[in-house]
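A.B. asks: The working numbering runs 13 ahead of the 1-based position in the sequence shown.
The C-beta atom is built at its ideal place from N, Cα and C for all residues, glycine as well.
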Amino acid sequence: MNTLKAKSETIYSMTRIVVGLLFSLHGVEKMFGVLSQDEPVALFSLLGAASVIELVAGALICVGLWTSWAAFIASGQMAFAYFIAHQPRGGLPLENDGERAVIYCFIFLYFAAKGSGLFSLDRTMAQIAGDNVPT
Numbered sequence: 014m015n016t017l018k019a020k021s022e023t024i025y026s027m028t029r030i031v032v033g034l035l036f037s038l039h040g041v042e043k044m045f046g047v048l049s050q051d052e053p054v055a056l057f058s059l060l061g062a063a064s065v066i067e068l069v070a071g072a073l074i075c076v077g078l079w080t081s082w083a084a085f086i087a088s089g090q091m092a093f094a095y096f097i098a099h100q101p102r103g104g105l106p107l108e109n110d111g112e113r114a115v116i117y118c119f120i121f122l123y124f125a126a127k128g129s130g131l132f133s134l135d136r137t138m139a140q141i142a143g144d145n146v147p148t
């Protein structure tokens, strides 16, 4: 287990990249109607706003740019989605198909607290600016 602990920052960054990419694909799916059988949503609707947040926040999280802000907004969107779309269909996430919203909500809250990590544009820009960046 010490080997995994030594690689925890790398694993964190990899997790952030994959989760951000997956989240942005939800936005692509809603906004453009690709990757699924569904039609594109109206941009000036609740689902349209969700698609924009998913696409933009997911991309920012994936590349590690303004990760804390993007993840905080994405976490709030997922909490909102759970209580608006899922919770009325049943009390527990397994009953109302809200597991993904809950998981995304809490992982984004963690990303918001932890920041961008090793492999990120935030870190690269800080290094270029000469800021003191921990190794």
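Return the residue from the list V69, Q100, E52 that minimises the CA-CA distance to A87.
C.D. replies: Looking up residue 87 in the sequence shown gives position 74. Ranking V69, Q100, E52 by Cα distance to A87 puts V69 first.
A.B. asks: Between which two residues does the alpha helix (DSSP H) holding D135 run?
C.D. replies: For this step, residue 135 is matched to residue 122 along the sequence shown. D135 -> alpha helix (DSSP H) spans 134-142.
A.B. asks: Given that a residue counts as buried once 16 or more other Cβ atoms are within 10 Å of its Cβ, and exposed if not, what is L105?
C.D. replies: Here the question's residue 105 lines up with position 92 in the sequence shown. Counting Cβ neighbours within 10 Å, L105 comes out exposed, since fewer than 16 surround it.
A.B. asks: Grab me the residues of N145's own chain with a C-beta within less than 8 Å of its C-beta, minus the 5 sequence neighbours each way, in chain order.
C.D. replies: The count along the sequence shown starts at 1 and reaches residue 145 at position 132. Nothing meets the Cβ criterion.
A.B. asks: For P101, name the three-state secondary structure that DSSP assigns.
C.D. replies: Taking the first residue of the sequence shown as position 1, residue 101 is located at position 88. Helix at P101.
A.B. asks: Would the region 114-128 and the region 81-98 be scored as touching if the rule is three or more Cβ pairs under 8 Å?
C.D. replies: Counting Cβ pairs under 8 Å, three or more are found: they touch.
A.B. asks: Take the Cβ of K200 as the centre, count every other Cβ of all protein chains shown within 10 Å, and call the residue buried at 16 or more, exposed below.
C.D. replies: The first residue shown for the chain is 14 and the last is 148, placing residue 200 beyond what the model contains.
A.B. asks: By alpha-carbon positions, which one of L59, F57, H39 ends up nearest to D51?
C.D. replies: Here residue 51 is taken as the residue at index 38 of the sequence shown, counted from 1. Of L59, F57, H39, the residue nearest in Cα terms is H39.
A.B. asks: Rounded to whole angstroms, what is the Cα-Cα separation between S58 and A83?
C.D. replies: Locating residue 58 in the sequence shown gives position 45, counting from the first residue. Locating residue 83 in the sequence shown gives position 70, counting from the first residue. So the alpha carbons of these two residues sit roughly 21 Å apart.
A.B. asks: How big is the Cα-Cα spacing for T80 and S26?
C.D. replies: By 1-based counting over the sequence shown, the position of residue 80 is 67. By 1-based counting over the sequence shown, the position of residue 26 is 13. The straight-line gap from Cα to Cα measures roughly 11 Å.
A.B. asks: Keeping to the same chain, check which residues put their C-beta closer than 7 Å to that of L131; ignore five residues upstream and five downstream.
C.D. replies: Within the sequence shown, numbered from 1, the residue matching residue 131 stands at position 118. Excluding residues within five positions, the ones whose Cβ falls inside 7 Å are E22, T23, S26.
A.B. asks: Rank P53, M14, L122, A63 by C-alpha distance to the C-alpha of S37 and give the top, closest one.
C.D. replies: As a working note, residue 37 is residue 24 in the sequence shown. Closest option to S37, Cα to Cα, is A63.
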